[in-house]
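Numbering (our numbering), first residue to last: 19 to 965.
Here's the structure we're looking at; comments come further down.
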Amino acid sequence: MIDPVTALGLAGNIVEFIDFFCKVLHDTKSLYGSRTGASAENDVIEAISVDLINLNNALAAPSEPGAIPDSIRSLASNCKGVAEEILEILNKIKVHGDHGKWKTFVQALRSVWKKEQIEELVKRMEKLRNETQYGLQLMLSEGQSEIQMMLASLVAENKRLKLDGMQQLEGLVKGVHDAISQLQAETKRRNETARDEPKAVQRLSSGDATEMTPSSPSWEDMKGLSNDIFSLAEEVRSSASDNMLLNSLWFDYIKHRQATVESAHEETFRWVLDPSSPTKFDDWVRSQTGIYWIMGKAGSGKSTLMKFLLNHTKTAESLKSWAGTKELVTASFFFWNSGSSMQKSQEGLFRSLLYEILSQCPDLTRTVCASKAKTFRPFVREVEPWSREELWHAIEQLKEQSGVRAKFCFFIDGLDEYDGDPDHIVSVLESLRSWPDIKLCISSRPYNEFIDAFGRSSDPQLTLEDLTREDIRIYVRNTLEENLRFRALKARDDRSQDLVHEIVEKARGVFLWVILVVRSLLAGLRNADRIYDLQKRLQEFPETLEKYFGHMITSVEPVYREQTAQAFEFALETERPLSLMMYSFLDEEDLDAVAAAPFNPLTTEEISSRQDDMRRRLNGRCKGLLEVVSSEVVNLFGPSTYTYRFHAPKVEFHHRTVRDFLHTKDMQNMLVEHLKAGFEPKLRFCKALLAQLKALDYSVLKDTNWLPNDLLEDLTHYASKLEYESHVPQSNLLDEVGRCVSKQAGLFKWKRGGLDFLEFLAQRRLHLYITEILTTRITLTQSDKSILLGSVLESPATKYFAASYDLKMIDILLQHGARPNDKYKDSTVWGNFLQSSVKGRFGPTDDDNLPVIESLLSHGANLQQRIVTGQKTLARKMTGRAADLHVRQDVQVDVAQSAQKILLDLLGEEKTSEVLKKARKNQKSIPSSLQWWSGRSLLAFMQRLKR
């Protein structure tokens, strides 16, 4: 893959070399100052040598194949050849000594070179200059080069992420284009006016340097081009790093919950921003810090109020008044227990806050995420997944900015929907509250943990259901009066006001119940109900949300009740909302046959047809308790793309209270009554996902593997859960999946076919299937088994698993012959593991992870192996401005240590001794067929520790 930063940096060095050498040939004294005497001329020769050596070093192309365009690599090589040739000549001039006085370097050349040789050198430089102009034009020409496409993609990504650098980047690209065009026009003009270029070359070779050649551009133009290229390269590196950071923080549905929360009805909630309100919210926003807690019972409208406050212009104005001369930074997060793991976890909270903050203040990236940013190599390698510890460290770095340059306000909704110990999220908020110049507006149900932390009488707070009586009246009156039939009834029957009053009294502050009641009344009005009929509807309407949900479910037609129960079980079983397409495949009459069928790509029209049918079925069977909502995937792919059409519409519970209700014992019993024996949602998930993998039109997807990869992640996750619960490997299913994805191996970026697929499964904890493969199914080579072990030890974060070690899979692979000392990547399996350990990537020194080290040692991990654990810097002179574009400017030398030294540094002597004893003990239980190593090094190390 081409690295634009490296390519542009090298291109800049080429232009700088040509610029430098032209100046040396043209007017040496203006470049190095006026000096007299032989010693001064020797100094100039030495200065030229030093500069040329630095430039020559800067012309070295990277060894990675494909990192730069071949044309630039060839130019660099040719320039390097010239530089090395001149360096030889400079040495000869130094040795020759008797070169007398000279005004130009060309005159010095005449002491060791013939006239013809000098003429040939001038012509070569002229050719290099022309080739450089052409090569740069080709490299940056619109639509013709990979670099140009990458730059266009970077500009588009800046626009999507709303980064400020978009216009600057576009301007720099245009500036380089204009500079190249200007040089070419100047060259063409000079060529057209030149009558005797050979004579000009002869004059230069004779020492007359009044001009280089008729076709040469001015030095200022060359220097300007060099500066433009370096500026572009620096901006590309900076923008790409910012993009990498923000994209590494972004996750699916990052703002989905907030977007789908019902907006406040017009004229409601205005009281909260009134300075005279007893809630004192306006005073808190304008002048206070700390936490303001909005509490309320289920369905009272907490999330709607939070959305109202977050988006209201008056809130923004008050916050700006509070911020004063400092920068105001606002961010928000809405927990959603029915959503993905990121929507209900601390990791999701931290990533969302950091994403918003750094989108607004990209200049904070180097400060807040300094340690993470050091690992970034845009266009070269992906960002390592964030750990919770890294995210919290970055959040804490913001504290240094709080009170100095910025004031922060965070809106965090739905603490009760956090999928963890409430005390843990309280601890996080208490820590944030301690910052200077920060305020947090939070909301939750009145759980004891939150009451203890935020409910003291002195704490700013409000209880929502106690304050929305008038809002409910306004909502009911306005919504009903928008209906023509109701207005007509109201004109002739005064009892309409009694209807509004009765709803307000029965609501008890539960806005969701009110919305459902009004929806029922509007349905009655469509049927020409009278006031009497509407009052009867209200009297018969269930008094609580739970009773309403039960009523809706029992009202489903008997013919649909099995499908209704299935739909609810699917929604309860999944850890994140399923797509509407997923439901359409789950609803197949013979799902087994569909999953076993060959590839059958769906067109966008067929996708829309399936979705429309499924939307109608869900409406009829689930009575609005499950809803179809749009998806944030539009931000990534756009609403017209195949991926969006296939994946975007999601099915979610109407409200969290629906999910809570369906989890009750009575409802679970009722659902089971309507399901056939042996119904297994996870197995149907797997089959439906396999069917979808076969239904994708891969010719439309081209190089975009997000959708099939997402489906494969879901499938293997549910297959793993099935294995765990049934204790049976899902062999037939996964074999068919393997055959399916092998036909699209290029899209998944798999180069080794079946082994890549096994790596994927091993990293996703398909223990029984991998065991079956190793024992009875496929003959893997020794190297293959060790590759599987190395990939599992890398413990990558997946869609469903945080980065962590899977000891069970590690032991399975070791027991079946994988060897820690076999080659893996640039080291060995063992060496690669220790390299990650030194970086502290997954906390391998935690007690829970020590068994991993014990297992590897007991299976012969080499304690004497020298392992590269880092690099040290050796100072050197700069070798061209391209070096400025990378993090390290000096020579980097690998630092290697023995494995035993690394263990001692990581664990300390006491813990290392304990690990070694267990490893030594475990060796005795390993079958002799696997004891291919000598245990002497382990024993010797233990004895050394005792001494």
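Beta carbons: idealized from backbone N, C-alpha and C, even for Gly.
By the neighbour-count criterion, in which a residue is buried when 16 or more other Cβ atoms sit within 10 angstroms of its Cβ, asparagine 74 is buried. Glycine 642 is classed as exposed because its beta carbon has fewer than 16 other beta carbons within 10 Å across all chains shown.
Ranked by how close their Cα comes to the Cα of arginine 757, the residues Leu711, Ala737 and Val847 have Leu711 in first place. Between serine 648 and arginine 628 the beta-carbon gap is near 17 Å, outside 8 Å, which marks them as no contact. Separation of the CB atoms of serine 356 and arginine 677 is rounded to 5 Å, and the pair is thereby assigned contact status at 8 Å. Isoleucine 490 and serine 336 have their C-alpha atoms roughly 26 Å apart.
DSSP places leucine 598 in the helix class (H, G or I) of the three-state scheme. DSSP lists Trp311 and Ile430 as the bridge partner or partners of isoleucine 460. Closest option to arginine 304, judged by alpha-carbon separation, among Val746, Ala509, Lys425 and Leu43: Lys425. By the neighbour-count criterion, in which 16 or more other beta carbons inside 10 Å mark a residue as buried, leucine 502 falls on the exposed side. In the assembly as shown, aspartate 246 is a buried residue. Its beta-carbon has 16 or more other beta-carbons within 10 Å. If you ignore the 5 residues before and after glutamine 276, its C-beta comes within less than 6 Å of the C-beta of Phe352, all in its own chain and listed in chain order. Residues Leu93 of the same chain have their beta carbon placed closer than 7 Å to that of glutamate 149, with the five preceding and five following residues left out of the count. Assignment of beta-bridge partners to arginine 884 by DSSP yields Ser916. Ranked by Cα distance from asparagine 96, the first of Val62, Glu64 and Phe35 is Phe35.
The region 513-566 is shown to contain whole alpha helix (DSSP H) runs of 4 or more residues at 513-525, 529-544 and 549-558, in chain order.
Leaving aside the five residues that flank arginine 147 on each side, the residues in its chain whose CB is nearer than 6 Å to its CB run, in chain order, Ile36.
Residue burial annotation: histidine 735 is buried, with at least 16 other C-beta atoms found within 10 angstroms of its C-beta. Between the C-alpha atoms of threonine 383 and tryptophan 340 there is a straight-line separation of about 25 Å.
In the structure shown, leucine 346 adopts extended strand secondary structure according to DSSP, grouped into three states. A check of alpha carbon separations from serine 809 across Gln833, Trp531 and Pro838 identifies Pro838 as the nearest.
Assigned with DSSP and collapsed to three states, lysine 668 falls in strand.
Proximity to methionine 827 across Lys817, Ile791 and Thr799 peaks at Ile791, based on C-alpha coordinates. Bounds of the beta strand (DSSP E) holding glutamate 645 are 644-647.
Lysine 841 is bridged by DSSP to Thr846. The beta carbon of threonine 722 lies closer than 7 Å to those of Thr661 in the same chain, with the five residues before and after it left out.
Looking only at Leu881, Val886, Asp865 and Gly878, the smallest Cα-Cα distance to glutamate 928 is reached by Asp865. At a Cβ-Cβ threshold of 8 Å, valine 690 and leucine 730 do not count as neighbours. The straight-line gap separating the alpha-carbon atoms of alanine 525 and valine 290 is approximately 20 Å. Phenylalanine 703 sits in a helix when the DSSP states are folded into three classes. Contact between leucine 371 and alanine 388 does not hold, since the beta-carbon distance rounds to 18 Å and is not under 8 Å.
The region 460-476 and the region 311-319 touch, with three or more beta-carbon pairs separated by less than 8 Å. By the CB criterion at 8 Å, valine 42 and isoleucine 66 fall inside the cutoff. Counting C-beta pairs with one atom in each stretch, the region 278-285 and the region 318-332 have three or more that are closer than 8 Å, which means they touch. Glutamine 415: member of the alpha helix (DSSP H) spanning 406-416, first to last residue.
Between aspartate 437 and lysine 362, the C-beta spacing is below 8 Å.
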